[in-house]
Amino acid sequence: MYELIIIGGGPAGMTAAVYAARKRMNALMLMKEFGGQPMWTMDIENYMGYQFITGPELMEKFDDQVKKFPIEIKYEEVTGLAVNAGGSFTVTSDGGEYQAESVIVASGKRPRRLEVPGETEFTGRGVSYCATCDGPLFAGKTVAVIGGGNSALQAAIEVSKVAEKVYLISLLNRYQADPIVVEKLRELQQPVIELIGYTTKAVKGSQTVEKLVIAKVGENNEIELDVQGVFVEIGLMPNSEYCEGLLNFNEYREVVTDCRTRTNIPGLFAAGDVNNGPDKQIVIAAGDGAKAALVAYEYLLHKRRVQR
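Structure below.
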């Protein structure tokens, strides 16, 4: 029986691990993969203490700090979460079952899919969800970036440095990005071709991506763009399926918490992008993780006083 199980290995989970260790909690950290969303991010200019750092570099520093403490870490995907009689928890993963007195859900989010014909077929063969990871593979080629938020514009800026031509395709008639990111897009030496108010209809090709089919919103006339790569940057989905039927979700399937990361179930906390916090930033996720570990510690202290 662990005192605490932390689900997730991104900024929230890693910070929670450090704070739990400092409180001498017997904790287990379960993660499908290390680092979370920052591993897909090249330029970070708003994490305090670093004027500029890449996502992988920042998470390496998180990892170095976690390794200074005796935290048990297992690389397993969590598939289930249940409340036991007496208020403890069972966490089920693809590696087994674990028992804990408290749990922090910090499993983050994953890229949202287009759900159009050809997307699944060509994933890994031209369709990508990570410009940071796969951008260099498209040097000298024509690519399309789909989306109108910060991640889409940053992806277009990044791949424009290596690609011959970049289309930026946004469903909306205006970008939902920070002004500084829009400004960077406008200042590119190699302009990005902006297609505003277009929807994606299909991805086509033979062995790899060859064409992207789009259409003006509200019109039926389809346009085929000759592209060799498609970067999908249309937002994220919470990794919350294993909490289905147990925790309260909002309309975005984010776990509903109060200002202290507490969920509708005592002893169960949610931190970082998986919860319903209003802003999704690395510094906020890290703060959530610290808060969740401290509140979990307080919860266990109170529980033990009551039991005496």
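The end of the sequence shown is residue 400 by this note's numbering, with every number in the run present.
Where a beta carbon is used, it is the ideal one built from N, C-alpha and C, also for glycine.
Since the structure is predicted, the reported quantities are computational estimates derived from the model, not experimental observations.
- For T184 and L360, the gap between their C-alpha atoms comes out near 15 Å.
- As summarised for the stretch 193-248, the continuous beta strand (DSSP E) elements at least 3 residues long and confined to that stretch are 195-197, 201-203, 234-238, given in chain order.
- For T184, the uninterrupted beta strand (DSSP E) segment begins and ends at 181-185.
- Under the three-state reduction of DSSP output, E275 falls in the helix class.
- Note: D318 is bridge-paired with K303 in the DSSP secondary-structure output.
- In the three-state reduction of the DSSP assignment, I163 falls in the coil class.
- Relative to the Cα of G289, the nearest Cα in the group I238, N242, V251, I249 belongs to I238.
- For the 7 Å CB-CB criterion, A108 and I98 form a contact.
- Around the beta-carbon of Y190, 16 or more other beta-carbon atoms lie within 10 Å, marking it buried.
- Rounded to whole angstroms, C225 and T349 show a C-alpha spacing of 32 Å.
- By the C-beta density criterion, D156 is exposed, having fewer than 16 other C-beta atoms within 10 angstroms.
- Looking at the DSSP output, A104 shares a beta bridge with no other residue.
- In the DSSP secondary-structure assignment, G188 is bridged to S185.
- Going by beta carbons, G218 and V251 fall outside the 7 Å limit.
- A distance of 7 Å or more separates the beta carbons of I163 and M131.
- Under the three-state reduction of DSSP, K124 is assigned to coil, being neither helix nor strand.
- Look at Q143 here: in three-state DSSP terms it is coil, with no helix or strand label.
- Counting along the chain, no beta strand (DSSP E) covers G381; the unbroken alpha helix (DSSP H) around it starts and ends at 374-399.
- The Cβ-Cβ distance between K233 and A255 falls below 7 Å.
- The C-alpha of R278 lies about 14 Å from the C-alpha of R266.
- In the structure shown, P330 falls within a strand segment according to DSSP collapsed to helix, strand and coil.
- Counting only residues of its own chain and dropping the five nearest sequence neighbours on each side, F323 has a CB closer than 6 Å to the CB of S220, A223, V237, A247.
- In the displayed model, K115 falls within coil according to three-state DSSP, outside both helix and strand.
- In the DSSP assignment, S262 falls within the unbroken beta strand (DSSP E) covering 257-262.
- For the pair S194 and T355, the Cα-to-Cα distance works out to about 12 Å.
- Two segments are said to touch when three or more pairs of C-beta atoms, one from each, lie closer than 8 Å; by this definition the stretch 132-152 does not touch the stretch 298-307.
- In this structure, G128 places its C-beta atom within 7 Å of the C-beta atom of G102.
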